[in-house]
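Peer 1: Protein chains in written order, with full-length UniProt numbering: chain A, 1 to 288; chain B, 1 to 288.
Where is the CB? At the ideal position from N, CA and C, for every residue including glycine.
Dropping a structure here in structure tokens format, bear with me for questions.
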């Protein structure tokens, strides 16, 4: 698939060390472990799909944006899996980063990937500085301490959690980044794309809650049942499996309805619908 | 002092949450703890001094650069103090971040400060996108996994360490960022400023080794004697106190000689000389 190969190439280019420079070899291994092979690469796929729907007039910019977004996601997985947080042993069907490379390198690889994300956008900015600056602002906002995934993870350390703010920051943020950065890569206004990102994020959160509750570690490639063990708020906990499945369907319909008018609107709606079917397969298969 | 108030104001602005947005309260406390009150703010002071020497035609850009650099430095202290690395109890005369706020929030605060550094530069880029992109590239390079402080810290996890590469990345990187970002803030060529940054970094590394070996925790405000305990390479270990002191003097003379020709060259040389005298006081005082 074309998007898949664009994403993998962009990530490979982003991670390639400059000539005549040496990354400490164990840190280099940890970075590779954290990024390759990937999961579904769903966030950069959404980003490129939105960019294509908006015309994708500068593919080198949208490729950089896709890579940057996925690098932030990989960084968040590396840090969220640490003993101080989820203490997860498995990720993407192999040992989590700190299990494979130790805590110091897992922390440093996460830090390095955050930095690399912004460097990757800045490199694309040599030719399109205005777009790069807006992309960096958008990615920073959805990664940081206020409305970003850092805020999302930090809500878990608070004595009282606002469930909506928590999910919006923890899972929604990078999906909003995906749709908005897709638009920004083409010079389009990002505001009309916020709803689509937010709704896709909500759908993935509910789907993830269902997966965590219904599937085994073997099937998900990561440690299962963590939500219940960690007393983490979840849609399954509050609505039950049937309620959460219905809720998921409603969110996905809303997501498709929210797609802003753009040259590739119909094709994008098809893509979201295809993903929606894939997501809905999870509870159906698990319930038999 | 004018530079000091410029730096504190720029940091306060960078950390101020946007209106109508909520940072998780404990994460907000951790960010404040990590940044205020500061240490000597030496890196942003050097950055602004170089910017002034080059004309400082866009103070809002150099202020943002100074804040961004200090935020990266504060992030690195938060993460380096973690149990997985130095396991330090003290920092800047108070409990280290994870001692005060726990490991999860110390990790997240470090991550958030890295993100905030790049957001701060991008915000300055609304008016000067070309300069912002170059500043982000320069800061990313000196922070990341190849020639940056992440590489520097990661060398400590390698079975064999190249002492020069280690110090250059671990301490030198952010001093090179300081001089080069000072130049870039004014639109000047950063290349001629690399040597000054590198040499100031070397001087601080040697001065830090001397402080660690000679002064008590009370005097330094952080846990002393860690180099020896952690078997970390140090100038004092390899040259002795007298040799390291002589070496420090040579480096500082070289730094002053390396200052590129620029409008404020003489004043900058005076400033470096004043700092050099302050640095040289440490071994003198400690030896009685």
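Going along chain B, which residues have a C-beta under 8 Å from residue 123 of chain A?
Peer 2: Within the first chain, numbered from 1, the residue matching residue 123 of chain A stands at position 123. What residue 123 of chain A touches in chain B: 137.
Peer 1: Report yes or no: is there a C-beta of chain B within less than 9 Å of the C-beta of residue 234 of chain A?
Peer 2: Taking the first chain and counting its residues from 1, one reaches residue 234 of chain A at position 234. It does not; no Cβ of chain B falls within 9 Å.
Peer 1: Identify which residue in A:168, A:56 and A:130 has its Cα closest to the Cα of residue 144 of chain A.
Peer 2: Position 144 of the first chain, counted from the start, is the residue given in the question as residue 144 of chain A. Of A:168, A:56 and A:130, the residue nearest in Cα terms is A:168.
Peer 1: Quick one: Cα of residue 243 of chain B to Cα of residue 114 of chain A, how far?
Peer 2: Here residue 243 of chain B is taken as the residue at index 243 of the second chain, counted from 1. Here residue 114 of chain A is taken as the residue at index 114 of the first chain, counted from 1. Spanning the two alpha carbons is a distance of roughly 40 Å.
Peer 1: Looking at residue 63 of chain A and residue 7 of chain A, is the spacing between their C-beta atoms short of 9 Å?
Peer 2: Taking the first chain and counting its residues from 1, one reaches residue 7 of chain A at position 7. Taking the first chain and counting its residues from 1, one reaches residue 63 of chain A at position 63. Yes.
Peer 1: Tell me whether the beta-carbon of residue 131 of chain A lies closer than 9 Å to the beta-carbon of residue 187 of chain A.
Peer 2: Here the question's residue 131 of chain A lines up with position 131 in the first chain. Here the question's residue 187 of chain A lines up with position 187 in the first chain. For the 9 Å CB-CB criterion, residue 131 of chain A and residue 187 of chain A form a contact.
Peer 1: Kindly give me the distance between the Cβ atoms of residue 133 of chain A and residue 129 of chain B, rounded to whole angstroms, as I take these residues to be in contact under 8 Å.
Peer 2: For the purposes of this step, residue 133 of chain A is taken as the residue at position 133 of the first chain. For the purposes of this step, residue 129 of chain B is taken as the residue at position 129 of the second chain. Indeed they touch by this definition, with Cβ atoms about 5 Å apart.
Peer 1: Looking only at its chain, what residues have a beta carbon closer than 8 Å to the beta carbon of residue 155 of chain A, apart from the 5 residues adjacent to it on each side?
Peer 2: In the first chain, the residue the question calls residue 155 of chain A occupies position 155. Only 161, 162, 165, 166, 169 and 170 meet the Cβ criterion.
Peer 1: To be precise: take each residue of the region 68 to 88 of chain A, compare its Cβ to all Cβ atoms of chain B, and keep it if any distance is under 9 Å. Which residues remain?
Peer 2: 72, 75, 76, 79, 82, 83, 84 and 85
Peer 1: Mind pulling the alpha helix (DSSP H) runs of 4 or more residues that sit fully within the region 49 to 129 of chain B?
Peer 2: 59 to 80, 97 to 101 and 103 to 124
Peer 1: What do you reckon, are the CB atoms on residue 61 of chain A and residue 127 of chain A nearer than 9 Å?
Peer 2: As a position in the first chain, residue 61 of chain A is number 61, starting the count at 1. As a position in the first chain, residue 127 of chain A is number 127, starting the count at 1. For the pair residue 61 of chain A and residue 127 of chain A, the CB atoms are nearer than the 9 Å cut-off.
Peer 1: Rank A:74, A:58, A:56 and A:42 by C-alpha distance to the C-alpha of residue 15 of chain A and give the top, closest one.
Peer 2: Translated into positions along the first chain, residue 15 of chain A becomes position 15. Among A:74, A:58, A:56 and A:42, the Cα nearest to that of residue 15 of chain A is on A:74.
Peer 1: Report yes or no: do the region 65 to 79 of chain B and the region 169 to 185 of chain B share at least 3 C-beta pairs separated by less than 8 Å?
Peer 2: yes
Peer 1: If you run the structure through DSSP and keep just helix, strand and coil, what is residue 262 of chain B?
Peer 2: Indexing the second chain from 1 puts residue 262 of chain B at position 262. Note: residue 262 of chain B maps to coil in three-state DSSP.
Peer 1: Of the residues A:192, A:203 and A:158, which one's Cα is nearest the Cα of residue 172 of chain A?
Peer 2: Within the first chain, numbered from 1, the residue matching residue 172 of chain A stands at position 172. Nearest option by C-alpha distance: A:203.
Peer 1: Quick check: is the beta carbon of residue 153 of chain B nearer than 9 Å to any beta carbon in chain A?
Peer 2: Mapped onto the second chain, residue 153 of chain B falls at position 153. Answer yes: the Cβ-Cβ gap between residue 153 of chain B and chain A drops below 9 Å somewhere.
Peer 1: Taking all protein chains shown into account, do 16 or more other C-beta atoms lie within 10 angstroms of the C-beta of residue 175 of chain B, making it buried, or fewer, making it exposed?
Peer 2: Walking along the second chain from the start, residue 175 of chain B turns up at place 175. Label assigned to residue 175 of chain B: buried.
Peer 1: Measure the alpha-carbon distance for residue 139 of chain B versus residue 2 of chain A and round it to whole angstroms.
Peer 2: Stepping through the second chain from its first residue, residue 139 of chain B is reached at position 139. Stepping through the first chain from its first residue, residue 2 of chain A is reached at position 2. Taking the straight line joining both Cα atoms gives about 33 Å.
Peer 1: Using three-state DSSP, classify residue 248 of chain A as helix, strand or coil.
Peer 2: Here residue 248 of chain A refers to the residue found at position 248 of the first chain. If DSSP states are grouped into helix, strand and coil, residue 248 of chain A belongs with the helices.
Peer 1: Buried or exposed for residue 37 of chain A, going by 16 or more other Cβ atoms inside 10 Å?
Peer 2: In the first chain, residue 37 of chain A corresponds to position 37, counting from 1. So residue 37 of chain A counts as exposed.
Peer 1: For residue 265 of chain A, which residues in the same chain have their Cβ closer than 8 Å to its Cβ, ignoring the five residues on either side in sequence?
Peer 2: Along the first chain, read from residue 1 onward, the residue named residue 265 of chain A stands at position 265. Closer than 8 Å at the Cβ level, and outside the excluded window around residue 265 of chain A, lie 53 and 259.
Peer 1: Under 8 Å, CB to CB, which of the residues in the region 162 to 191 of chain B have a partner in chain A?
Peer 2: 165
Peer 1: Determine the closest residue to residue 42 of chain B out of B:17, B:20, B:71 and B:27, with distance taken between C-alpha atoms.
Peer 2: Position 42 of the second chain, counted from the start, is the residue given in the question as residue 42 of chain B. Nearest option by C-alpha distance: B:71.
Peer 1: Leaving out five residues before and five after residue 205 of chain A in sequence, what residues of the same chain have Cβ atoms less than 6 Å from its Cβ?
Peer 2: On the first chain, position 205 is the one that residue 205 of chain A refers to. Excluding sequence neighbours, residue 205 of chain A sits near 167 and 171.
Peer 1: In whole angstroms, what is the alpha-carbon distance linking residue 101 of chain A and residue 24 of chain A?
Peer 2: Along the first chain, one-based indexing puts residue 101 of chain A at 101. Along the first chain, one-based indexing puts residue 24 of chain A at 24. Computed Cα separation, rounded: 13 Å.
Peer 1: Go to residue 209 of chain A, then tell me how far its alpha helix (DSSP H) extends in each direction, as first and last residue.
Peer 2: Along the first chain, read from residue 1 onward, the residue named residue 209 of chain A stands at position 209. Element bounds for residue 209 of chain A: 194 to 214.
Peer 1: Quick test of your reading: residue 276 of chain A and residue 252 of chain A, contact by CB under 8 Å. State the CB separation rounded to the nearest angstrom.
Peer 2: Counting from one through the first chain, the residue named residue 276 of chain A turns up at place 276. Counting from one through the first chain, the residue named residue 252 of chain A turns up at place 252. About 4 Å separates the beta carbon of residue 276 of chain A from that of residue 252 of chain A, a gap short enough to meet the 8 Å contact definition.
Peer 1: Under a CB-based cut-off of 9 Å, is residue 23 of chain A close to chain B?
Peer 2: Within the first chain, numbered from 1, the residue matching residue 23 of chain A stands at position 23. True, the Cβ-Cβ gap to chain B drops below 9 Å.
Peer 1: Residue 102 of chain B CB to nearest chain A CB: under 9 Å?
Peer 2: Working through the second chain from its first residue, we reach residue 102 of chain B at position 102. Using beta-carbon distances, residue 102 of chain B counts as an interface residue toward chain A, with a partner under 9 Å.
Peer 1: Looking only at its own chain, which residues have a Cβ that is under 7 Å from the Cβ of residue 105 of chain A, when we skip the five neighbours before and after it?
Peer 2: Within the first chain, the letter at position 105 stands for residue 105 of chain A. For residue 105 of chain A, where only same-chain residues beyond five positions count, the Cβ hits under 7 Å are 26, 27 and 30.
Peer 1: For residue 44 of chain B, does the count of other Cβ atoms within 10 angstroms reach 16, so buried, or fall short, so exposed?
Peer 2: Reading the second chain from its first residue, position 44 is the one you call residue 44 of chain B. Label assigned to residue 44 of chain B: buried.
Peer 1: If you measure between the beta carbons of residue 111 of chain B and residue 79 of chain A, is that distance less than 9 Å?
Peer 2: Walking along the second chain from the start, residue 111 of chain B turns up at place 111. Walking along the first chain from the start, residue 79 of chain A turns up at place 79. Yes, the Cβ-Cβ distance between residue 111 of chain B and residue 79 of chain A is below 9 Å.
Peer 1: For residue 44 of chain A, name the three-state secondary structure that DSSP assigns.
Peer 2: Here residue 44 of chain A refers to the residue found at position 44 of the first chain. If DSSP states are grouped into helix, strand and coil, residue 44 of chain A belongs with the helices.
Peer 1: Is the CB of residue 205 of chain A under 9 Å away from at least one CB in chain B?
Peer 2: Stepping through the first chain from its first residue, residue 205 of chain A is reached at position 205. No, residue 205 of chain A lies away from the interface with chain B (no Cβ there is under 9 Å from its Cβ).
Peer 1: With 16 as the cutoff for other CB atoms within 10 Å, does residue 267 of chain B come out buried or exposed?
Peer 2: In the second chain, the residue the question calls residue 267 of chain B occupies position 267. That one is exposed.
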